[in-house]
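See structure below.
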Amino acid sequence: MGRTLTEKVLDDHLVEGELTPGEEIGIEIDQVLTQDTTGTMVWLQFEALDLDEVQTEVAAQYCDHQTYQFDFKNTDDHRFLRSAAGTFGAHFSRPGNGICHQVHKENFAAPGKTMLGSDSHTPTPGGLGEFAVGSGGIDVAVAMGGGPYYFEMPEIVEVRLEGDLPEWATAKDVVLELLRRLSVKGGVGKVFEFTGPGVDTLSVPERTTITNMGTELGATTSIFPTDERTRDFLAELGREEEYVELRPDDDADYADSVTVDLSAVEPLIAQPSMPDNVVPVSAVAGVEVDQVIVGSCTNGAYEDVLPAAKMLEGRATNKTTDMIVAPGSKQASEMLAREGWVAELMAAGVNFSEATCGACIGVGHVPASDSVSLRTFNRNFEGRSGIEDDSVYLCSPEVAAAAAITGEITDPRDLEAETGIRDPGFEMGTRYTERDADLIAPDEAVDDDLIKGPNIGDVPIKDPLDSHLEGEVLLKMGDNITTDHIIPATSDILMYRSNVPKISEFTLSRVDDSFAERAMRTEASFLVAGENYGQGSSREHAAMCPMYLGVEGVLAQSFARIHRANLFNFGIVPLLIDEEDYERIDQGDTVEIVEDVQAAVAGGEEAFTVRVDDDWELTARLDASERERDLLCAGGKLSWTRQQAQDKGGNGTPADD
Ligand code: MIC
Ligand code: SF4
């Protein structure tokens with residue numbers, strides 16, 4: 006039987022297990038990526054594991070989320086990251102050089118390689134045939150030390166693209182269409198592999214918009230085959246020799262198949278406050294818009310900003326609609342500047358920002374109260390923009406520019422009919438310089454020792470798993486709780502990512518601001534949640550902080566992939582419960598696991614009896630591999646890896662195995 010593209014890349018990197026969906030596999034990692042809000046912990050963990058040199062082909066540290074450096078703590082983090090990259094042998098991308106996924110795409114993304122990144126949108130280079138997966142920071146630290154990455158072999162789902170996009174429909178609409186059909190849970194446990202004649206009609210930047218936002222579907226990753234367009238893209242970047250032809254066999258066998266007829270795709274928009282709340286733009290046309298932002302790792306490339314700039318050329322933004330353009334990389338800014346587009350945008354009333362994540366996580370450009378913001382980003386979870394009860398819509402740059410011109414949500418086809426503004430179409434950019442001023446390669450490192458300012462704390466370590474687990478349900482939550490609910494990423498909180506005692510004070514504050522204080526007063530506690538608990542980002546603080554506050558277990562109907570792994574990595578027991586028991590259990594109940602937990606986890610037990618309030622019992626399920634059980638018993642991945650090191654007299658990464 007023929008192989009899928011995913012199976013081919015994984016086969017080339019497999020170090021443990023078999024490519025059977027649902028089974029745990031270990032793969033060798035070629036490239037790692039980390040950014041400024043997860044990176045500090047990655048390097049502190051790298052140090053705590055006594056690792057002294059990066060072992061992967063490429064390791065890159067980006068500074069993109071807190072580049073405005075409005076507090077010395079941000080700048081301290083950046084200096085620490087530069088010193089860590091220099092000391093341990095990673096590339097360092099300076100603050101302002103751009104968003105990790107865009108800069109990585111420009112400099113390192115390569116077909117056939119594997120990558121692990123401590124950011125959930127790491128799958129972006131799937132648009133160039135790279136198998137790239139987001140994970141928690143400790144997984145990245147171990148992979149950087151040469152250890153394999155372990156994960157559940159996903160099902161491989163074919164997304165067959167047919168036809169050609171009509172005018173005003175874009176790659177963003179393709180992924181919004183998938184979200185509309187499949188929902189934010191539709192990709193859990195899956196890889197989306199793109200096939201069909203429609204693939205050739207999409208350029209690499211369009212493909213990476215789709216793979217980037219595959220994350221919102223909950224997918225492990227998304228991947229495109231490579232072709233002449235991939236080769237040309239790499240050639241433009243001066244990396245043509247990295248081109249490899251990759252495609253599935255003609256008789257490849259997929260677990261499922263979804264067809265998208267590109268010619269039937271129309272301009273779409275995700276309404277507040279979930280990326281899958283998608284409708285045609287025409288369905289919400291006329292809603293007044295206060296703010297428009299073009300940028301992010303999804304739509305921040307030169308090729309994304311250009312159509313908006315063309316639409317605004319010689320025009321002005323509506324007087325009550327503020328428009329901001331924040332390109333995804335300094336290279337994109339430079340190209341737009343050299344061609345005069347920055348000036349055109351400025352003349353039209355647009356504020357041109359440095360290349361940063363910024364507004365995407367509520368760092369700058371926070372919307373006014375009771376206002377509407379239209380963004381070309383990938384997430385619109387409630388409150389993520391920096392204000393509770395926000396009203397953030399997600400759309401393509403073309404739809405964003407149309408709203409900036411008219412002051413209301415406007416189907417660009419109607420804009421054309423009313424104003425004559427034509428679809429600017431898609432145009433690939435030309436690079437003007439071989440930029441390297443903002444990238445410090447390992448052999449150019451300026452530091453060989455770690456520089457830790459007062460904001461750089463220690464990595465918390467949990468005790469090994471107890472035999473007896475009992476505690477109060479301190480919080481009961483609904484479905485689709487995001488990591489933004491668990492540990493928000495807004496500027497007031499982001500600066501404490503390297504200070505766990507301090508950042509823990511904000512745990513679950515978006516759900517219940519008394520939670521952290523109550524947890525601190527309680528010795529041991531549990532959380533209860535509905536479906537898809539922990540969706541969204543890769544931030545391991547969403548597990549680390551609850552662990553620090555004494556949360557021993559989470560009882561949920563289902564878990565999002567990265568967060569589930571982070572719970573194991575920090576020694577919190579993730580137990581699955583059914584809907585009936587979820588409905589019955591209440592906040593304030595005392596739960597007690599009847600079995601000897603340590604022995605049952607170690608012994609491979611799957612069913613656990615949970616006694617609730619000494620009154621009734623439910624059966625919870627632990628769905629865990631042997632390795633994940635070892636992590637729980639040890640009190641998390643850091644302790645486990647260290648234990649391995651002691652047992653073997655090495656550094657404990659599986660390279661020693
Ligand atoms: C996000 O988009 O939510 C983030 C901020 O990039 C996170 C990473 C983080 O929390 O630092 C992600 O996507 O993993
Ligand atoms: Fe940055 Fe937003 Fe992309 Fe996360 S989703 S990496 S915050 S631009």
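For the sequence shown, my numbering assigns the number 6 to the initial residue and increments by one for each residue that follows. Every residue gets a Cβ at the ideal spot worked out from N, C-alpha and C, and that includes glycine. Predicted, not measured: the structure shown is a model, and the values here were computed from it.
ask   = Candidates LEU399, ALA114 and ALA373: which alpha carbon is nearest GLU393's?
value = ALA373
request  = Kindly list the residues whose CB is nearer than 8 angstroms to the CB of GLY101, restricted to its own chain and excluding five residues on each side of it in sequence; keep chain order.
outcome  = Apart from sequence neighbours up to five positions away, the residues of its chain that approach GLY101 with a beta-carbon distance below 8 angstroms are CYS68, THR72, LYS335, GLU359, ALA360, THR361 and ASP443, ordered along the chain.
PHE382 beta carbon near ligand 2 (any heavy atom closer than 8 angstroms) = At least one heavy atom of ligand 2 is nearer than 8 angstroms to the Cβ of PHE382, so yes.
message = Any heavy atom of ligand 1 inside 8 angstroms of the beta-carbon of SER125?
response = yes
ask   = Taking VAL108 as the reference, which of THR61, ASN574 and PRO332 has the closest Cα?
value = PRO332
key: Local Cβ density within 10 Å of ARG589, reported as buried at 16 or more and exposed below that   = exposed
task = Alpha carbon to alpha carbon, how far is GLU421 from GLY319? Give it in angstroms, no decimals.
result = 16 angstroms
message = Can you give me the C-alpha to C-alpha distance between MET482 and GLN50, rounded to a whole angstrom?
response = 31 angstroms
task = Go to TRP346, then tell me how far its alpha helix (DSSP H) extends in each direction, as first and last residue.
result = Its alpha helix (DSSP H) spans residues 346-352.
CA-to-CA distance, GLU557 to ARG523, given in whole angstroms = 15 angstroms
key: HIS568 (DSSP reduced to helix, strand or coil)   = helix
ask   = If you check the beta carbons only, do ALA446 and HIS96 fall under 9 angstroms apart?
value = yes
query = Among the residues of its own chain, which have a CB less than 6 angstroms from the CB of GLY388, if the five just before and after it don't count?
reply = ARG515
message = Taking 8 angstroms as the cut-off, does the stretch 47-63 touch the stretch 20-29 (at least 3 CB pairs, one atom from each stretch)?
response = In short, these stretches do not touch, since the Cβ pair count stays below three.
ask   = In terms of DSSP beta bridges, what is ALA257 paired with?
value = ALA257 pairs with GLY7.
inquiry  = Helix, strand or coil for VAL145? Go by DSSP, reduced to three states.
reply    = In this structure, VAL145 counts as helix in the three-state DSSP scheme.
inquiry  = ASP281 and ARG234 - do their beta-carbons sit closer together than 9 angstroms?
reply    = No, they are not a contact pair.
inquiry  = Can you tell me whether ALA494 sits near ligand 1, meaning its C-beta is under 8 angstroms from at least one heavy atom of the ligand?
reply    = yes
message = Less than 8 angstroms separating the Cβ of ASP69 from some heavy atom of ligand 2?
response = yes
task = Specify, as a first and last residue, the run of the beta strand (DSSP E) that MET482 falls within.
result = First-last for MET482: undefined, no H or E at that position.
inquiry  = Distance check for ASP375 and VAL606, CA to CA, integer angstroms please.
reply    = 49 angstroms
task = Let me know the secondary structure DSSP gives TYR587 once reduced to three states.
result = Three-state result, TYR587: helix.
query = Measuring from the CB of CYS638, is there a heavy atom of ligand 2 at a distance below 8 angstroms?
reply = no
task = Sort GLU245, ARG380, PHE199 and PRO579 by Cα distance to SER278 and report the nearest one.
result = With distances taken between Cα atoms, SER278 lies closest to ARG380.
key: According to DSSP, residues forming a beta bridge with ALA224   = VAL193
query = Cβ atoms of PRO272 and THR175: under 9 angstroms apart, would you say?
reply = yes
query = Around the Cβ of SER401, are there at least 16 other Cβ atoms within 10 angstroms (buried) or fewer (exposed)?
reply = buried
message = Is it buried or exposed, GLY609, if we count other Cβ atoms within 10 angstroms and call 16 or more buried?
response = GLY609 should be labelled exposed.
inquiry  = Please report the straight-line C-alpha distance between SER472 and GLN603, rounded to a whole angstrom.
reply    = 5 angstroms
ask   = Just to confirm, are PHE431 and GLU241 a CB contact at a threshold of 9 angstroms?
value = no
message = Please state the DSSP three-state secondary structure of THR361.
response = coil
query = From which residue to which residue does the alpha helix (DSSP H) around ASN603 run?
reply = For the sequence presented, residue 603 should be read as Gln rather than Asn. For GLN603, the enclosing alpha helix (DSSP H) starts and ends at 602-607.
message = Which same chain residues end up closer than 6 angstroms to PHE575 when comparing Cβ atoms and leaving out the 5 residues on each side of it in sequence?
response = For PHE575, where only same-chain residues beyond five positions count, the Cβ hits under 6 angstroms are ALA548, MET549, MET552 and GLY641.
key: Proximity of SER287 and GLU163 at Cβ, strictly below 9 angstroms   = For SER287 and GLU163, no; Cβs fall outside 9 angstroms.
query = By DSSP, does ILE392 sit in helix, in strand, or in coil?
reply = coil
inquiry  = Between THR92, ARG647, ALA114 and GLY593, which has its C-alpha nearest LEU239's C-alpha?
reply    = With distances taken between Cα atoms, LEU239 lies closest to ALA114.
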